[in-house]
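Undergrad: Residue numbers for the sequence shown, in numbering that gives the first Met the number 0: 0 to 453. Ideal Cβ positions, reconstructed from N, Cα and C, are used throughout, including at glycine. To start, I am sharing the structure in question, which I have written as structure tokens.
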Amino acid sequence: MQGHQPSRKEQCHPPPPPLLPLHPIRPWYWACSEPVFESGAGANLSGTGDRSLEERCNRMLRNMEASLTARDRVGIQDFVLLDAYTSESAFLDNLRKRFHENLIYTYIGTLLVSVNPYKELDIYSKKQMDTYMGVNFFELPPHIYALADNVFRTMLSEFNNHFILISGESGAGKTEASKKILQFYAVSCPSTRLLNNVRDRLLLSNPVLEAFGNAKTLKNDNSSRFGKYMDIQFDHQGGAVGGHILSYLLEKSRVVHQNHGERNFHIFYQLVEGGEEDLLRWLGLERNCQHYSYLVQGDCAKVSSINDKSDWRTVRKALSVIDFSESDTEHLFGIIASVLHLGNIKFEADVRGYATLNNNQEMHWVSKLLGIPAHVLQQGLTHRKIEAKTEEVFSPFSADHAVYARDALAKAIYGRTFNWLVNKINESLANKDSSRKTVIGLLDIYGFEVFNVN
């Protein structure tokens, strides 16, 4: 039986291939089932529909995938476009391809996946920021700036609050990501003298909180040892007019103990290495980290990637911008120094097994810096007070119990100082205008870690 012979019209104008269903994530991705790839270009959509929409889709796809050859080399910029999107091996292979090409960002729909390159990349310049401002989320390659801009423009258009969650294992780059977002808003938001003051305080709160809340760990030389939620408050024109910070779960145990290869909080080393001579003399400190028990347990007081002297100058400047008075600053560093002196207080057991001090000089400095009488402090470290109905009884500690009491006091002092510091920063960032504001929240949570002993 002779088959159907196409007419001349059908030969010249064959019917288009059937259209695929709408994309489950991006409904504007409608295309024929047979895309045409041209040399050096991306997918060329054929089909029926609005021509301007078709051209826009073509342009977006060209930007996303330059060619099949490039796609094989650098992977796919959005995991939802993977053929085997349910395969873990395909997911990891795509990440690997992109990482080897220094492409550290990849989308999963509207989520952004980042792989820490552990090196400086030239992708965070002012020019890059300008490129991503006001551009559709998927029109340019994946970037933290695209995410920040999309959230900002959506907040302005809908006039409601938005939230960015940054999560990952320790050393994944969460803190750096939050800093890049803040820097993008500092450049992209409207600028006035008042707004610039708020912007500067928002930006400079970071080095202060990092100094007091971050430390070197085995995986990360600048690991956040606390959780941080920051509200950035915007007016109806998109100007940053205030902010507020909440801190969570500071790792206070690090003050008195560090694993091998790790350090205490940065501020201790910055003070000892970078503090001015007059300041160190007033605090009773020596310019030698090895002299302080709380700074040498990890056996890595010096780290090649950390410049404590330079970081000290940054913190000093930041504190002045955030409106810390000279008196506030002196008291703050006095408390930090008292913790170092407290760690050097040693105890011995007398003939009855009770704790006694063997170095009154360190006790003198703790007493002076905290404003506590030395005999009261000594009694608190070596005795337990038991309150009966009508009297107080002091029960002496053993040497081990005295060490435990000393460390507990050091952790309590540092924890309360950190909370006071956050409150002072919040006072500086507070927005006095009671009119309605929209908020972008940034949550930089603890990196998840696994230890033999957690």
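Please return the same chain residues whose Cβ sits closer than 8 Å to the Cβ of L81, not counting the five positions on each side in sequence.
TA: Taking the first residue of the sequence shown as 1, we reach residue 81 at position 82. The answer, listed in chain order, is I75, A89, F90 and N93.
Undergrad: Looking at the strands, I want to know which residues DSSP matches up with T437.
TA: Position 438 of the sequence shown holds residue 437. For T437, which the question treats as bridged, DSSP gives the partners F233.
Undergrad: Taking the alpha-carbon positions, what's the G170 to Q289 distance?
TA: One-based indexing of the sequence shown puts residue 170 at position 171. One-based indexing of the sequence shown puts residue 289 at position 290. Approximately 27 Å between the Cα atoms of the pair.
Undergrad: Are the Cβ atoms of G260 and G297 separated by less than 7 Å?
TA: On the sequence shown, position 261 is the one that residue 260 refers to. On the sequence shown, position 298 is the one that residue 297 refers to. In contact: G260 and G297 (Cβ atoms closer than 7 Å).
Undergrad: A89 lies in the alpha helix (DSSP H); which residues open and close that run?
TA: In the sequence shown, residue 89 corresponds to position 90, counting from 1. E87 to H99 is the span of the alpha helix (DSSP H), which, as asked, contains A89.
Undergrad: Rounding to the nearest angstrom, what Cα-Cα distance links L276 and S292 in this structure?
TA: Indexing the sequence shown from 1 puts residue 276 at position 277. Indexing the sequence shown from 1 puts residue 292 at position 293. For clarity, residue 276 is Glu in the given sequence; the question names Leu instead. Going from the Cα of E276 to the Cα of S292 covers about 21 Å.
Undergrad: Taking DSSP as the reference, what is the three-state secondary structure of K173?
TA: Within the sequence shown, the letter at position 174 stands for residue 173. K173: helix per DSSP, three-state reduction.
Undergrad: Report all residues from its chain with a CB closer than 7 Å to the CB of L102; omit the five preceding and five following residues, and keep chain order.
TA: In the sequence shown, residue 102 corresponds to position 103, counting from 1. Excluding residues within five positions, the ones whose Cβ falls inside 7 Å are V73.
Undergrad: Could you tell me the alpha carbon to alpha carbon distance between P189 and S319, rounded to whole angstroms?
TA: Locating residue 189 in the sequence shown gives position 190, where the first residue counts as 1. Locating residue 319 in the sequence shown gives position 320, where the first residue counts as 1. C-alpha of P189 to C-alpha of S319: approximately 24 Å in a straight line.
Undergrad: Go through its chain and collect everything with a Cβ distance to S252's Cβ below 8 Å, but skip five positions before and after it.
TA: Taking the sequence shown and counting its residues from 1, the one referred to as residue 252 is at position 253. Around S252: K410.
Undergrad: Is Y353 near the ligand SAM, judged by its Cβ being under 6 Å from some heavy atom?
TA: For the structure depicted, the ligand SAM is absent and the ligand set is empty, with no information on it obtainable.
Undergrad: Who does P395 pair with in a DSSP beta bridge?
TA: One-based indexing of the sequence shown puts residue 395 at position 396. Note: P395 sits in a beta bridge opposite H382.
Undergrad: Within 10 Å of its beta-carbon, does K200 have 16 or more other beta-carbons around it, so buried, or fewer, so exposed?
TA: Within the sequence shown, residue 200 is the residue found at index 201, counting from 1. According to the sequence shown, residue 200 is Arg rather than Lys. Buried: at least 16 other Cβ atoms inside 10 Å.
Undergrad: Return the Cβ separation of A354 and F393 in integer angstroms, given the expectation that the two are a contact with Cβ distance under 8 Å.
TA: Within the sequence shown, residue 354 is the residue found at index 355, counting from 1. Within the sequence shown, residue 393 is the residue found at index 394, counting from 1. With a Cβ gap of about 12 Å, A354 and F393 do not count as contacting.
Undergrad: Tell me K227's beta-bridge partners as DSSP assigns them.
TA: Numbered from 1 along the sequence shown, position 228 holds the residue referred to as residue 227. The partner list for K227 (beta bridge, DSSP) reads S246 and D443.
Undergrad: Do the segment 158-165 and the segment 434-442 make contact, defined as three or more Cβ pairs closer than 8 Å?
TA: yes
Undergrad: How is the alpha helix (DSSP H) around A145 delimited, first residue to last?
TA: For the purposes of this step, residue 145 is taken as the residue at position 146 of the sequence shown. Per DSSP, A145 belongs to the alpha helix (DSSP H) from I143 to E157.
Undergrad: Return yes when the Cβ of I321 is within less than 7 Å of the Cβ of S433, no when it is not.
TA: On the sequence shown, residue 433 is found 434 positions in, with the first residue counted as 1. On the sequence shown, residue 321 is found 322 positions in, with the first residue counted as 1. No; because the gap between Cβ atoms is not below 7 Å, this pair is not in contact.
Undergrad: Who are the near neighbours of Y445 in its chain, counting only those whose CB is closer than 6 Å to its CB and skipping five residues on each side?
TA: Start at 1 with the first residue of the sequence shown, and residue 445 comes out as number 446. Excluding residues within five positions, the ones whose Cβ falls inside 6 Å are G226.
Undergrad: Using DSSP with H/G/I as helix, E/B as strand and the rest coil, what is A387?
TA: Position 388 of the sequence shown, counting from 1, holds the residue named residue 387. In the structure shown, A387 sits in coil (DSSP, three-state: anything other than H, G, I, E or B).
Undergrad: Between the beta-carbon of Y104 and the beta-carbon of V254, is there less than 7 Å?
TA: For the purposes of this step, residue 104 is taken as the residue at position 105 of the sequence shown. For the purposes of this step, residue 254 is taken as the residue at position 255 of the sequence shown. Taking a C-beta distance under 7 Å as the contact criterion, Y104 and V254 do not qualify as a contact pair.
Undergrad: Within its chain, find whatever has a CB closer than 8 Å to the CB of F417; leave out the 5 residues flanking it on each side and keep chain order.
TA: Residue numbering aside, residue 417 sits at position 418 when the sequence shown is read from its first letter. Residues of the same chain with a CB within less than 8 Å of the CB of F417, apart from the 5 flanking positions on each side, are F211, G212, F225, S246 and L249 in chain order.
Undergrad: Is V112 helix, strand or coil by DSSP?
TA: Residue numbering aside, residue 112 sits at position 113 when the sequence shown is read from its first letter. Three-state result, V112: strand.
Undergrad: Would D234 and V302 qualify as a contact pair, given that the criterion is a beta-carbon distance under 7 Å?
TA: Position 235 of the sequence shown, counted from the first residue, corresponds to residue 234. Position 303 of the sequence shown, counted from the first residue, corresponds to residue 302. For D234 and V302, no; Cβs fall outside 7 Å.
Undergrad: Tell me the residue span of the alpha helix (DSSP H) that contains H256.
TA: Taking the sequence shown and counting its residues from 1, one reaches residue 256 at position 257. Unbroken run through H256: none, as it is neither H nor E.
Undergrad: On a Cα-Cα basis, can you pick out the residue from M362, R58, D129 and H142 that is closest to S113?
TA: Taking the sequence shown and counting its residues from 1, the one referred to as residue 113 is at position 114. S113 has its Cα closest to that of H142, out of M362, R58, D129 and H142.
Undergrad: For G46 and E138, I'd like the C-alpha separation in whole angstroms.
TA: Locating residue 46 in the sequence shown gives position 47, counting from the first residue. Locating residue 138 in the sequence shown gives position 139, counting from the first residue. Residue confidence for G46 is low, a pLDDT of 45 falling below 50, so the modelled location carries little weight; the figure read from the coordinates is stated next. The alpha-carbon atoms of G46 and E138 are separated by roughly 21 Å.
Undergrad: Can you tell me where the alpha helix (DSSP H) holding L270 begins and where it ends?
TA: For this step, residue 270 is matched to residue 271 along the sequence shown. Per DSSP, the unbroken alpha helix (DSSP H) holding L270 starts and ends at H265 to G273.
Undergrad: Which parts of the segment 176-220 are runs of the alpha helix (DSSP H), unbroken and 4 residues or longer, counting only runs that do not cross its ends?
TA: 192-212
Undergrad: Quick one: what's F346 bridged to in DSSP?
TA: The sequence position of residue 346 within the sequence shown is 347, counting from 1. DSSP output for F346 lists L356 as bridge partner(s).
Undergrad: Would you tell me roughly how many angstroms separate the C-alpha atoms of M59 and N135, rounded to the nearest one?
TA: Position 60 of the sequence shown holds residue 59. Position 136 of the sequence shown holds residue 135. Cα to Cα, M59 sits roughly 9 Å from N135.
Undergrad: Give me, in chain order, the residues of the same chain whose beta-carbon lies closer than 7 Å to that of H363; leave out the 5 immediate sequence neighbours on both sides.
TA: Here residue 363 is taken as the residue at index 364 of the sequence shown, counted from 1. Within the same chain, H363 has close Cβ partners A373.
Undergrad: According to DSSP, is A429 helix, strand or coil?
TA: Here residue 429 refers to the residue found at position 430 when the sequence shown is read from its first residue. Of the three classes helix, strand and coil, the one that applies to A429 here is coil, per DSSP.
Undergrad: Check A407 in the structure and name its three-state DSSP category.
TA: Translated into the one-based positions of the sequence shown, residue 407 becomes position 408. A407 falls in the helix class under three-state DSSP.
Undergrad: Here's the rule: buried if 16 or more other CB atoms are within 10 angstroms of the residue's CB, otherwise exposed. What is L67?
TA: In the sequence shown, residue 67 corresponds to position 68, counting from 1. Residue confidence for L67 is low, a pLDDT of 48 falling below 50, so the modelled location carries little weight and cannot support an answer.
Undergrad: Tell me whether K308 is buried or exposed, calling it buried when 16 or more other Cβ atoms sit within 10 Å of its Cβ.
TA: Within the sequence shown, numbered from 1, the residue matching residue 308 stands at position 309. By the neighbour-count rule (16 or more Cβ atoms within 10 Å), K308 is not buried but exposed.
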